[in-house]
Structure formats: structure tokens, C-alpha cells
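Asker: Chains X and F, in that order, are what the protein sequence lines are. Residues 1 to 333 (this note's numbering) are what the first sequence spells out, left to right. Residues 334 to 596 (this note's numbering) are what the second sequence spells out, left to right. This is the structure I have questions about; it appears just below.
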Amino acid sequence: MGYQLTKTQMDELFRELSETYDLYAPVLMKGEGCFSETDVVRYGKVTSPDEIVWDRKSDYSYKETLLPINETLFYFTEDTASVPQGPKRDRLVFLRSCDLYGVKRLDEIYLKNGFSDYYYARIRERTKFVLMGCGTPCKSGFCVSMGTNRAENYDLYIKPDGELGYADCRCGELEEYFRKAGAVEARVVPDYAEENREQVTLPKKLSNESFTREIWNEYGARCIGCGRCNFVCPTCTCFTMQDVFYRDNEKAGERRRVWASCQVDGYTDIAGGISFRKTQGERFRFKVMHKIYDYEKRFGYPMCVGCGRCDDVCPEYISYSNCINRLAKEEEE
Amino acid sequence: MKNEYIPQASKIREVIRHTDLEYTFRMTYEGDVKPGQFFEISLPKYGEAPISVSGVGAGTVDFTIRRVGKVTNEIFENYVGDSLLIRGPYGNGFDLEHFKGREIVVVAGGTGLSPVRGVVDYFARHMQECDSCTLIAGFKTLGDVLFKEDFALWKEKLQVIQTVDNAPEGYEGPVGMVTRYIPDLKFKNPENAVFICVGPPVMIKFTVQEILKLGMKEEQIWISNERKMCCGLGKCGHCRMGSTYICLDGPVFNYVEGKNLID
Chain X
1 MGYQLTKTQM DELFRELSET YDLYAPVLMK GEGCFSETDV VRYGKVTSPD
51 EIVWDRKSDY SYKETLLPIN ETLFYFTEDT ASVPQGPKRD RLVFLRSCDL
101 YGVKRLDEIY LKNGFSDYYY ARIRERTKFV LMGCGTPCKS GFCVSMGTNR
151 AENYDLYIKP DGELGYADCR CGELEEYFRK AGAVEARVVP DYAEENREQV
201 TLPKKLSNES FTREIWNEYG ARCIGCGRCN FVCPTCTCFT MQDVFYRDNE
251 KAGERRRVWA SCQVDGYTDI AGGISFRKTQ GERFRFKVMH KIYDYEKRFG
301 YPMCVGCGRC DDVCPEYISY SNCINRLAKE EEE
Chain F
334 MKNEYIPQAS KIREVIRHTD LEYTFRMTYE GDVKPGQFFE ISLPKYGEAP
384 ISVSGVGAGT VDFTIRRVGK VTNEIFENYV GDSLLIRGPY GNGFDLEHFK
434 GREIVVVAGG TGLSPVRGVV DYFARHMQEC DSCTLIAGFK TLGDVLFKED
484 FALWKEKLQV IQTVDNAPEG YEGPVGMVTR YIPDLKFKNP ENAVFICVGP
534 PVMIKFTVQE ILKLGMKEEQ IWISNERKMC CGLGKCGHCR MGSTYICLDG
584 PVFNYVEGKN LID
């Protein structure tokens, strides 16, 4: 059901929703950017629409709301392992169309591929998604090329518009909040990005031969292996296990998992000093091929959702989208 | 839903010392396990490491651990009368059906013998279930030889070539890389031959080359791939090669598939 709300009703809606749900949305973190005196837009808890950054894409994706950057799997004392409690409240996660497609990728890995992940599942089943529109598409995204510009499986769509607000509610459980806020029924269609500045053509004839192309060495020479592209990516899911012990009680500690990057040293190292991808070129190839080839081979659709965040964040100005276009072009030649 | 990350404490029943660096830990475990599968073994504080099953007994499972990393170092220091945390088994392991009735050749390098030890031992005890069984096992030096007691039994039952890369002067046993002994292998019916290669990546590469030179087909060769595995559950991503998760789809592969895996 679609609704129109006044500014006051929007505030009321958020207040009411916050009573029951934890609302996670992109917020501006002042001075917390990578470089001094820079800001960053990341996910945080909100209780009003004004706290949310609506007019630009978040620098980091929604991913950390489902998959914390570091997550305690269990605490150990001498003989026991105790699992920390899951989220106490249901949550609403505000995100863009490309990111909602990203959730499908996270689900594929964490709920399906082999085993179902206990920790992811218990957050995921308490999560609903609120779509944010892309009436003015972001500069670096190429969602239209990836077919991820029109997500329809949202629970709620919300758009503030000056003194008014619009919403489309597709979740029965959430309808009552609109009645309570006194919203008027209206026909609301989400703003979708119809055209991007960046356009990407996926190579169609990738194969094992593509792994040895010269292009990987070229990008490898520029990449410094910082891993930022992985951390901002809404579809990267890797982690590393880590045991932590407390200084004040050496008998107690915890096992955590922490986000990992396939671009950073150590990712493939095994005991005995063997490392399987030593060069930055191999690692870059590993990442790109996963996004546009290897994942699709296993699951039937590409991994990349075209959000463009990796291009935004790269300190070496490596353009992943341009790399894909070059691969496609090389194929034609 | 089962929380796969929670390990179980498993009592150390016995420790067999092979060398200064390699011990076999015989651990309590009830359940089905195949040779070539692996467990995540851990000590709180030091983390987890994937270790392959080197033997399966009644209510026990063996892990042959080489002291080469943070976790394994710690296991060597802290095992006495104690238990380790284990979870698993994970991975496909070796399916004995592929080898029954065949002329089996196992080529193993160093600790690579661990994952395949269960297969060798099975056929040593059930010779009637295979046509023949040959083991070519290579170690760096005589001091690195693993499973010495097993070798005594295997040498009675199987054709065993136990070679060392570097031997002291006057040593009369086989010397040199495992690959050196492959060209001399004789088969009653080459089409019925089947090979298992386990060891460091370079060793697998050259061993497979030698086997193919014998005129064998790729589908007659099985390999086991060792990779970094933080979870064993298809989640952490470290072991992935192309579209394949070694922890879920492997670590044992027929070479027809295995040759296409790129790191």
C-alpha cells in the first residue's frame, strides 16, 4: 500500500518504528573518514528521517548490519564455550536497489553454500529492508548494466520530499505504523535509476584462459593491496578466524571472525610458509573474476551488483568498471 | 539450527611421535569419517587449523600434525593428558569404491601421506579388494619418515618404495624424488590402474606429468588439495579456487576436474 505523509507524520512514523525496531541507515560520520578532516557515510542506528543521508550513496554498504566487521562467535572460559546472544530486536535496514540485490548474494553464501551460518541466519531472520530511491543516480554506479536497478523485493520504500514523505509498504506487519501516523493512501512508485553515467559490458567469453591475460599484471602493478575495495563491497563475504585472550584473565577469551580481504597479504598463507597468490596481479584477477565469472559459474548469476563503491574508494584510482569493459573489448579483438 | 562453529572437546588418547616435528594425535571421536576428510582443530587462544584425518579407528580418529604454524606449535606444547577442540569432519575425502579392484598406486610427499594413510592402510588389510597396491612415499631425510610402524606392515603386504631426497653416505635404500620411480612402474592392465597423488603443489604437478607420460588418462588420477580454510563450511572464502570451494567440493578431486582449478 502506498502512502503520503507530512513531515510531522514522517517523524512520528520513525518514532513509532523505533519503538519496535532497530533502524539502521546511512549516516554522516563527521571527521571519521580515512583522511584527516574527511567525513564518511556509514551505517548507524537512527530514530528519525533527518539523521539519514538520503542524497548520496553510503561509502560503506549495508553489509555490516548483517555481518559485523568483527563478530564474537563464542566466549571460552576454561572448559566451556558460550555463544553471545543474537539481536534482541527486529531491525529495519535502509538501502539502495543495488544493495538489496547484494543481500541475495550474502544469503547465497551464508544461508546456502554448504552449511547455513548460525550467526548470519539469526540476524537475517529478524531483518526487513527499506528501499531508498535513486532518482538522481550516483556517479560511479552501473546498476542498469548489471540489472540491479529495480529491486522489488523490499518490505518498505521511503522517500522524504521536502515537507512531504512518500512510502510504499509491502509488509503487512508494517502497515499499522502508517495508520497510527495518520498517513494518507497514495500511489507511490519507487524512484529507480533508469540510466547511469557508467556503463559496463560484461565479457561473455571468459574462460580459464582469461586468467593468464596481461591486463592482470598491469592492474597488479598499480594495486597496493589495501583491501578497501573488499570492505566497501556489498557482496564480499570473506572472513578470518581470530582468537583473543583477555590480559586480565588469561584463561578466558573469545573466538571471533573478522572481515578479510583477498587483496591483502596472508589471505592464502598456510602453515609451512606456502602462499598461493603472491602477486597483486593474481589477487586482483582473483577478485575481478569472482565478481563477473566464478560466482556465476557456481550460482547462475553474476556476483557484482554494480554499486561502484570499489571505484570510489580505491586510493590508486583503479577503475574496476573500466577493467571489465576492457576485458569485454579485448574479447572482441 | 546447528551452530557449526562450536567445537567439541576431544580427549587425546595417544600420541605417536614420528619425528621431532611430526606427531600423530589419536583422539576420541564417534561418527563416520573418511580418509582425506579434515577437521578444524583448535586450542583456545591460538586459533584453529584444518588438519586431515590420517587414520580412523574404533571410536578414535588420528591427526598427524606437523609443527609448522602458530596453532600446531601450540598443540605440541600443550597436549599432555589434555584434550583438543575439534569440529568436523569436513570435505569429501577419498571414496574407496574408486579404488577397489584396481591396480592402485599412491604417491605421497612428506605429510601428504597423512590424508591418504587411511586408504593405504585399508588395502594393506584388505588386499583381496584390490588388484595390487603400490606406495611411493618420499621424505626429505631419514629423520623425516612418518608412520614407521605402518611401513613395517605395509612392506609385507604392498609394494612399497620409501624414498628420501637426501640420504647419508652408504644408505642403500631408494633415494631421490618420488617422480623418479614412476617410469619404472609395471602394470598388468594399464587401463585398470588408478593413482592418488598427495603432497606439496609442486610435487603434485610433476608427479602428474610423470603419470601422464606412462600413457595414463587424466581420469585415472586423484589428487588432494591443501588450502587455507578458516571455516570448513563454505563461508570464509580463503580456500576458493575459481568456482570451487576446496572445503566443500574437495579436498579430493579427480584430475579431470582438479587440473582446471586455478588459485
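Where a beta carbon is used, it is the ideal one built from N, C-alpha and C, also for glycine. Bear in mind the structure is a predicted one, so any value in this text is a computation, not a measurement.
Can you find a C-beta in chain X that's less than 8 Å from the C-beta of Gly585 of chain F?
Answerer: It is Val, not Gly, that sits at residue 585 of chain F in the sequence shown. Output row for Val585 of chain F: interface = no.
Asker: Mind listing which residues of the stretch 221–246 of chain X have their C-beta closer than 9 Å to chain F's C-betas, in chain order?
Answerer: Flagged, chain order: Cys236, Thr237, Cys238, Phe239, Thr240, Met241, Gln242, Asp243, Val244, Phe245.
Asker: Check Ala81 of chain X in the structure and name its three-state DSSP category.
Answerer: Correct three-state label for Ala81 of chain X: strand.
Asker: What is the DSSP secondary structure of Lys297 of chain X, reduced to helix, strand or coil?
Answerer: DSSP places Lys297 of chain X in helix when its eight states are reduced to three.
Asker: For chain F, find out if any of its Cβ atoms is closer than 8 Å to the Cβ of Leu73 of chain X; answer yes or no.
Answerer: Yes - at least one Cβ of chain F is within 8 Å of the one on Leu73 of chain X.
Asker: To the nearest angstrom, how far is the alpha carbon of Phe142 of chain X from that of Ala193 of chain X?
Answerer: Near 9 Å, if we compare the C-alpha coordinates of Ala193 of chain X and Phe142 of chain X.
Asker: Lys297 of chain X touches chain F at which residues, Cβ-Cβ below 8 Å?
Answerer: Near Lys297 of chain X (Cβ distances below 8 Å), the residues of chain F are Gly575, Ser576.
Asker: With 16 other CB atoms within 10 Å as the buried threshold, where does Ile224 of chain X fall?
Answerer: Classification of Ile224 of chain X: exposed, given that the 10 Å Cβ count is below 16.
Asker: Of the residues that make up the stretch 72–105 of chain X, which ones have a beta carbon closer than 8 Å to any beta carbon in chain F?
Answerer: Listed in sequence order: Leu73, Phe74, Phe76, Asp79, Ala81, Val83.
Asker: In terms of residues, what are the limits of the alpha helix (DSSP H) holding Cys323 of chain X?
Answerer: Here the alpha helix (DSSP H) through Cys323 of chain X covers 320–332.
Asker: Quick one: which unbroken beta strand (DSSP E) runs of 3-plus residues sit fully inside the stretch 488–535 of chain F? Chain order, please.
Answerer: DSSP runs (the beta strand (DSSP E)) wholly in the stretch 488–535 of chain F: 492–497, 526–531.
Asker: One question on the structure: do Tyr386 of chain F and Ile529 of chain F come within less than 8 Å of each other, judged by their Cβ atoms?
Answerer: Correcting the residue identity first, residue 386 of chain F is Val in this sequence and not Tyr. No; because the gap between Cβ atoms is not below 8 Å, this pair is not in contact.
Asker: Counting beta carbon pairs with one atom in the stretch 582–596 of chain F and one in the stretch 128–138 of chain X, are three or more of them shorter than 8 Å?
Answerer: Result no; under three Cβ-Cβ pairs closer than 8 Å.
Asker: Where Pro422 of chain F and Leu131 of chain X are concerned, what is the direct C-alpha to C-alpha distance, given to the nearest angstrom?
Answerer: Each residue's alpha carbon lies about 41 Å from the other.
Asker: Residues in the same chain with beta-carbon distance under 8 Å from Gly567 of chain F, minus the five sequence neighbours each way, listed in chain order, please.
Answerer: Around Gly567 of chain F: Tyr578, Cys580, Leu581.
Asker: Run down chain X in chain order and give the residues with a C-beta less than 7 Å from the C-beta of Pro656 of chain F.
Answerer: Residue 656 of chain F lies beyond the range of chain F shown here (334 to 596); nothing can be said about it.
Asker: Of all the options F:Met536, F:Leu547, F:Gly548, F:Ser576, which has the alpha carbon lying nearest to the alpha carbon of Gln557 of chain F?
Answerer: Reading off the sequence, residue 557 of chain F comes out as Ser, not Gln. Per the Cα distances, F:Met536.
Asker: Ends of the alpha helix (DSSP H) at Tyr118 of chain X?
Answerer: Taken as a continuous stretch (DSSP letters only), the alpha helix (DSSP H) holding Tyr118 of chain X covers 118–124.
Asker: Could I get the ranges of all uninterrupted alpha helix (DSSP H) runs contained in the stretch 40–121 of chain X, with 4 residues as the minimum, in chain order?
Answerer: Listed in chain order, the complete alpha helix (DSSP H) runs (minimum 4 residues) inside the stretch 40–121 of chain X are 63–66, 97–107.
Asker: Please determine, among X:Arg222, X:Glu64, X:Phe74, the residue with the shortest C-alpha to C-alpha distance to Ile339 of chain F.
Answerer: Residue X:Phe74 is the option with its Cα nearest to Ile339 of chain F.
Asker: If you measure between the beta carbons of Leu111 of chain X and Lys128 of chain X, is that distance less than 8 Å?
Answerer: Going by C-beta atoms, Leu111 of chain X is not nearer than 8 Å to Lys128 of chain X.
Asker: Considering only their Cβ atoms, is the gap separating Leu67 of chain X from Phe178 of chain X smaller than 8 Å?
Answerer: No, the pair does not count as a contact, with Cβ atoms beyond the cut-off.
Asker: Which two residues bound the contiguous beta strand (DSSP E) that contains Met460 of chain F?
Answerer: Neither: Met460 of chain F is in no beta strand (DSSP E) and is coded neither H nor E.
Asker: Report all residues from its chain with a CB closer than 6 Å to the CB of Val264 of chain X; omit the five preceding and five following residues, and keep chain order.
Answerer: Excluding positions up to five away in sequence, the list reads Gly225, Gly227.
Asker: Any residues in the stretch 260–282 of chain X with a beta carbon nearer than 8 Å to a beta carbon of chain F? Which ones, in chain order?
Answerer: For the stretch 260–282 of chain X, which is checked against every Cβ of chain F, the residues closer than 8 Å are Ala260, Cys262, Tyr267, Thr268, Asp269, Ile270, Ala271, Gly272, Gly273, Ile274, Phe276, Arg277, Glu282.
Asker: May I ask you to list the residues that DSSP assigns as paired with Trp382 of chain X?
Answerer: Because chain X in this structure spans residues 1 to 333, residue 382 of chain X falls outside the shown range and cannot be described.
Asker: Is the beta carbon of Ser275 of chain X less than 8 Å from the beta carbon of Asp269 of chain X?
Answerer: Result yes, Cβ atoms of Ser275 of chain X and Asp269 of chain X sit closer than 8 Å.
Asker: To the nearest angstrom, how far is it from the Cα of Val258 of chain X to the Cα of Asp99 of chain X?
Answerer: Between Val258 of chain X and Asp99 of chain X, the C-alpha separation is close to 21 Å.
Asker: Using a Cβ-Cβ cut-off of 8 Å (strictly less than) and excluding sequence neighbours within five positions of Gly476 of chain F, which residues of its own chain qualify?
Answerer: Thr352, Asp353.
Asker: Which whole-angstrom value describes the C-beta separation of Thr201 of chain X and Ala328 of chain X, a residue pair presumed to lie in contact below a C-beta threshold of 8 Å?
Answerer: Sure, about 4 Å apart at Cβ, within 8 Å.
Asker: Please list the residues of the stretch 536–559 of chain F that have a C-beta atom closer than 8 Å to any C-beta atom in chain X, keeping them in chain order.
Answerer: Residues passing the 8 Å Cβ filter: Glu559.
Asker: May I have the straight-line CA-CA distance separating Arg573 of chain F from Val188 of chain X, to the nearest angstrom?
Answerer: Each residue's alpha carbon lies about 43 Å from the other.
Asker: Does the Cβ of Ala441 of chain F have 16 or more other Cβ atoms within 10 Å, making it buried, or fewer, making it exposed?
Answerer: With 16 or more Cβ atoms within 10 Å of its Cβ, Ala441 of chain F is classed as buried.
Asker: Are the beta-carbon atoms belonging to Phe358 of chain F and Ile398 of chain F less than 8 Å from one another?
Answerer: Yes, these two residues count as a Cβ contact at 8 Å.
Asker: Out of F:Lys592, F:Asn593, F:Asn336, point me to the one whose CA is closest to Arg122 of chain X's CA.
Answerer: Of the listed residues, the one whose Cα sits closest to Arg122 of chain X is F:Asn336.
Asker: Taking the DSSP output, what are the residues bridged to Asp22 of chain X?
Answerer: Answer is X:Arg91.
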